[in-house]
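Here the sequence shown is numbered in this note's numbering, starting from 3 and rising by one per residue.
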Amino acid sequence: MSDEDDEIVLQLADPPNCARCEGPGLLSARFSHSWKNACGEEIPGVREAMLCPACDHGEPGADGLLAFFEVHETMGAFELEAFNNLAAAWLAVVRARQADEHRLDDECERFRNGDL
Numbered sequence: 003m004s005d006e007d008d009e010i011v012l013q014l015a016d017p018p019n020c021a022r023c024e025g026p027g028l029l030s031a032r033f034s035h036s037w038k039n040a041c042g043e044e045i046p047g048v049r050e051a052m053l054c055p056a057c058d059h060g061e062p063g064a065d066g067l068l069a070f071f072e073v074h075e076t077m078g079a080f081e082l083e084a085f086n087n088l089a090a091a092w093l094a095v096v097r098a099r100q101a102d103e104h105r106l107d108d109e110c111e112r113f114r115n116g117d118l
C-alpha cells in the first residue's frame, strides 16, 4: 500500500498539547507507519504528528501551514483547497522523518537510570 492510499486522520478541533513542549497544538495527524525489526520483518503501526507553533516554526513544510492558521481563524469552503495543499506539504515532510536513534538510545538510558 502506498502513502497515497493510506487513511490520514486530521484533528483540528481541540488537538492535544504538543508532546515536545506541552504547549497548545494547532493540528494533529494520525497515519499508518511501518518499520523493520531486527529480523528485517515489516512491522505495521500508526504514528501521530502534531503541528506546534512553537516547536515547528522554521521547519520545512510547517511554516506555510502555521501562516495559514495565523491568517485564518476559521475555515470556510474557499480556504479548503489552500489548507489541503499546505497540510499535504506538511504531512509529506512529517511522514518522511525518521527517529533519531542516538536521541532515542539516550532517552532509554536516562529512563533506565531514573533520570526521566
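Where a beta carbon is used, it is the ideal one built from N, C-alpha and C, also for glycine.
Can you tell me where the alpha helix (DSSP H) with residue i in it begins and where it stops?
{"i": "G2", "result": "Within the shown structure, residues of the chain are numbered from 3 to 118, placing residue 2 beyond reach of any answer."}
{"i": "L93", "result": "82–98"}
{"i": "L12", "result": "Not the alpha helix (DSSP H): L12 falls in the beta strand (DSSP E), residues 10–13."}
{"i": "H104", "result": "103–114"}
Helix, strand or coil, according to DSSP, for residue i in the structure here?
{"i": "E1", "result": "With the chain running from 3 to 118 in the structure shown, residue 1 is simply not present."}
{"i": "L29", "result": "strand"}
{"i": "A56", "result": "coil"}
Does the Cβ of residue i have 16 or more other Cβ atoms within 10 Å, making it buried, or fewer, making it exposed?
{"i": "W37", "result": "exposed"}
{"i": "L53", "result": "buried"}
{"i": "F80", "result": "exposed"}
{"i": "V96", "result": "buried"}
{"i": "C1", "result": "Since the first residue shown for the chain is 3 and the last is 118, residue 1 is missing from the structure and cannot be characterised."}
{"i": "G42", "result": "exposed"}
{"i": "A89", "result": "buried"}
Can a CB atom of chain B be found closer than 7 Å to the CB of residue i?
{"i": "H74", "result": "Looking for chain B here will not work: only one protein chain is present."}
Quick one: what's residue i bridged to in DSSP?
{"i": "E44", "result": "K38"}
{"i": "N19", "result": "P26"}
Give me the residue from the options with the minimum Cα distance to residue i.
{"i": "E24", "options": "C57, F33, G47", "result": "C57"}
{"i": "A69", "options": "G78, R114, W92, D102", "result": "W92"}
{"i": "S34", "options": "V11, D108, A90", "result": "V11"}
{"i": "E50", "options": "A31, E72, R22, V73", "result": "A31"}
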